[in-house]
Amino acid sequence: MTIRKLLVRTPVWILLIITAGLMLFPIVIALLGSFKTNLELTTGATVFPIKWQFQNYVEAWNKADFSGFTFNSVYVAVFTTIGTLLVAAMAAYAVDRVAFRGKKLFIFLQSFTLFISIGAVVLKPQFNLMVAIGLQKSLWGVIIILISAHATAFFMIIGFFRGIPKDLDEAALIDGCNFYSTFWRIILPLLRPALAVVALFTFRNAWNEYILPLVFSLSRPDLQTLPVGLANLRYGAGAAVENQLMLAGACISILPMLIVYIFANRSFMQVTAGSVKG
Amino acid sequence: MQRNRIGAYLFSFPSFFLTMALGVYPVFWALRYMFYEYQGYGTPKFIGLENFARVARDTEFWQSVANTFVYAGGKLIITLPLSLILAVILNRKLRGRHAFRAIFFLPTIFSASVMSIVFYIVFNSYNGIINQYLIKLNIVSGPVDWLGAAHAMLTIIIIAVWGAVGNYMLLFIAGLQGIPEDVYEAASLDGVNPAQRLWYITIPMLGPVLQMIIMLAITTSLKGYESIMVLTEGGPFGKTEVMYLYLYKLFFPLTTTGTSVQNIGYGSAVGFTTAIIVGLVTWLYFWMSKKLNNVY
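If you read the sequences in order, they're chains A and B. Per this note's numbering, residue 57 is the first one in the first sequence, and the count goes up by one each step. Per this note's numbering, residue 6 is the first one in the second sequence, and the count goes up by one each step.
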């Protein structure tokens with residue numbers, strides 16, 4: 057290795073390693089800290105726990121009701137993902153394969169919701185609509201509003217449709233399939249790998265969503281999801297803030313994502329990289 | 006074919022209906038109420054442009070707009086160069102590049118609000134983990150007030166950068182893969198050094214992709230408020246109040262700080278104003294980058 061190469065490579069590796077350390081720092085702090093006592097967390101300045109406090113998780117799960125938060129989070133994320141995939145894939149199929157009147161308007165509306173952002177203002181009429189159909193006291197209010205924001209999923213799936221030749225539809229038609237059975241029997245199975253990627257993206261967003269479930273649980277604490285329940289501990293009234301429970305709760309929220317990410321990080325990245333090309 | 010058309014309407018209807026009811030209708034709802042005096046109860050009263058006159062006079066709002074620019078500017082100035090450099094490094098055949106990409110992208114998969122709780126414990130002024138280490142290593146003598154008036158904005162920006170770098174790195178890598186290899190080969194024959202290569206080849210060749218990524222970065226950073234809401238609620242003394250957080254509080258007053266009351270009519274006008282501000286900044290950026298393109 058020449059000196060010149062060494063001069064270039066050393067700073068590159070230093071930059072990479074320092075950045076990696078900074079990126080991992082809060083995650084490692086959360087994982088290790090969740091096994092410490094509150095006292096050790098707030099004054100210890102230790103790296104590893106002196107004694108591993110596994111009961112932090114038991115306490116968070118039972119006493120701080122993280123079992124309930126987790127159930128709500130799983131419920132919202134699962135049904136939002138299923139609903140979004142179904143609604144977006146059906147619409148993408150119609151738009152990609154059929155010439156119908158109003159198609160351009162439809163695409164315009166989808167992009168309108170992506171580009172116009174008036175922030176929290178929309179939450180009020182959305183909430184009022186849910187009150188009108190009696191879903192303001194249910195997680196389904198949250199789920200339906202999350203499904204309604206499916207424009208990104210729609211455009212992602214449309215992108216994948218380009219990879220499925222139209223000849224296939226025609227062949228299916230000749231073999232006796234109609235518009236509907238072609239979708240269920242031919243298109244959906246072929247879209248499966250693409251849908252898995254979109255599902256990952258949708259599930260992650262629903263799992264991490266904070267503002268919407270917060271608004272719905274303002275008067276119904278039993279509807280709190282993990283991010284909401286956790287953030288409420290930060291401003292928890294009454295007793296002293298218990299940092300170790302907050303970190304255990306944070307880990308309950310981030311661990312499932314972390315585990316999926318370790319096995320499927322390429323799929324996670326595919327979504328992001330694909331969204332700029334589309 | 007006729008049957009297909011009916012099928013197409015049936016298949017796109019759920020999407021159309023949800024988009025109209027929960028995506029389009031709320032915008033028009035806000036467009037109506039911004040001309041009304043309405044606190045969430047009683048009958049709304051039409052007051053014309055009075056809400057907008059109030060927006061113009063609202064120093065607290067304009068302070069939050071200024072804070073938003075500090076926040077977004079600080080976040081972008083660190084995030085964009087850093088993620089571009091990381092992307093350039095990790096786009097080459099370096100050992101361990103997949104592991105590094107995965108590590109840098111990791112922060113983006115977690116909930117901003119959940120990670121803000123972790124960061125609260127890390128940066129807590131009184132007994133945070135950073136302060137414990139800094140004092141133990143004798144770098145500072147007393148605790149640094151990371152979330153106090155002097156440093157809160159900086160802390161918020163550091164956290165935002167942490168969550169964003171991986172995302173933009175990946176977008177840049179996707180863009181870099183569109184640059185043909187032989188351009189670099191020709192340059193290396195001409196004896197170009199890495200810094201020149203980045204400035205004279207990579208950045209110009211990224212062209213429209215770079216422009217799109219910067220625009221995406223600008224709009225997302227102007228809109229972000231979730232992590233600020235969890236971490237500081239805009240405090241202390243409104244130092245970290247950004248415009249979308251200010252807007253949120255007009256509709257859903259935060260119980261702990263209790264500084265604002267629900268005000269739907271005025272909130273709608275503020276929402277419209279913030280959307281215009283974001284639109285103006287985006288337009289200005291487009292205009293400027295077009296001018297710069299003409300120079301080259």
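Virtual Cβ for every residue (Gly too), placed ideally from N, Cα, C. Just so it is clear, the structure is predicted and the values come from calculations on it, not from any experiment.
C-alpha distance - residue i paired with residue j, whole-angstrom precision
| i | j | result |
| --- | --- | --- |
| V197 of chain B | N261 of chain A | 43 Å |
| V123 of chain B | L311 of chain A | 14 Å |
| G190 of chain A | S275 of chain A | 14 Å |
| L221 of chain B | Y173 of chain B | 9 Å |
| A104 of chain B | T84 of chain B | 20 Å |
| K222 of chain A | M146 of chain A | 16 Å |
| T281 of chain A | F210 of chain A | 26 Å |
| L111 of chain B | T48 of chain B | 49 Å |
| R37 of chain B | S173 of chain A | 16 Å |
| H156 of chain B | N143 of chain B | 20 Å |
| R157 of chain A | F21 of chain B | 14 Å |
DSSP three-state assignment for residue i, whether helix, strand or coil
| i | result |
| --- | --- |
| E42 of chain B | strand |
| K98 of chain B | coil |
| F177 of chain B | helix |
| K228 of chain B | helix |
| K244 of chain B | coil |
| R322 of chain A | helix |
| K295 of chain B | helix |
| K222 of chain A | helix |
| K92 of chain A | coil |
| F51 of chain B | strand |
| C233 of chain A | coil |
| R5 of chain B | Nothing in the structure corresponds to residue 5 of chain B, since chain B is present only between 6 and 301. |
Contact with chain B by residue i, beta-carbon distance below 8 Å
| i | result |
| --- | --- |
| F162 of chain A | yes |
| N112 of chain A | no |
| S185 of chain A | Note on identity: in this sequence residue 185 of chain A is Leu, with Ser being the wrong assignment. True, the Cβ-Cβ gap to chain B drops below 8 Å. |
| Q166 of chain A | yes |
| Q182 of chain A | yes |
| I267 of chain A | yes |
| Y131 of chain A | no |
| T58 of chain A | no |
| R241 of chain A | no |
| S237 of chain A | no |
| L224 of chain A | no |
| M212 of chain A | no |
| S204 of chain A | yes |
| A147 of chain A | yes |
Host alpha helix (DSSP H) of residue i (start-end)
| i | result |
| --- | --- |
| P82 of chain A | 59-89 |
| W108 of chain A | Element bounds for W108 of chain A: n/a, residue is neither H nor E. |
| Q280 of chain A | Careful: Q280 of chain A lies outside any alpha helix (DSSP H) and carries neither H nor E. |
| E186 of chain B | 186-194 |
| L255 of chain B | 248-256 |
| V177 of chain A | Run containing V177 of chain A: none; DSSP gives neither H nor E here. |
| S123 of chain A | 122-153 |
| M212 of chain A | 207-217 |
| V335 of chain A | Lying outside 57 to 334, the shown extent of chain A, residue 335 of chain A is not represented and no answer is given. |
| G197 of chain A | 195-204 |
| P269 of chain A | 267-272 |
| Y125 of chain B | 117-128 |
| Q267 of chain B | From DSSP, Q267 of chain B is part of no alpha helix (DSSP H); its letter is neither H nor E. |
| Y138 of chain B | 134-141 |
Classification of residue i by the beta-carbon crowding that lies within 10 angstroms, buried from 16 upward
| i | result |
| --- | --- |
| W151 of chain B | buried |
| V235 of chain B | buried |
| A150 of chain A | buried |
| F259 of chain A | buried |
| S167 of chain A | exposed |
| T99 of chain A | exposed |
| K296 of chain B | exposed |
| T58 of chain A | exposed |
| R100 of chain B | exposed |
| P245 of chain A | exposed |
Cutoff 8 Å: residue i Cβ touching any chain A Cβ
| i | result |
| --- | --- |
| N72 of chain B | no |
| P258 of chain B | no |
| V32 of chain B | yes |
| I269 of chain B | yes |
| Y76 of chain B | no |
| F242 of chain B | no |
| Y125 of chain B | yes |
| T207 of chain B | no |
| G147 of chain B | no |
| T279 of chain B | yes |
| P199 of chain B | yes |
| E246 of chain B | no |
| Y43 of chain B | no |
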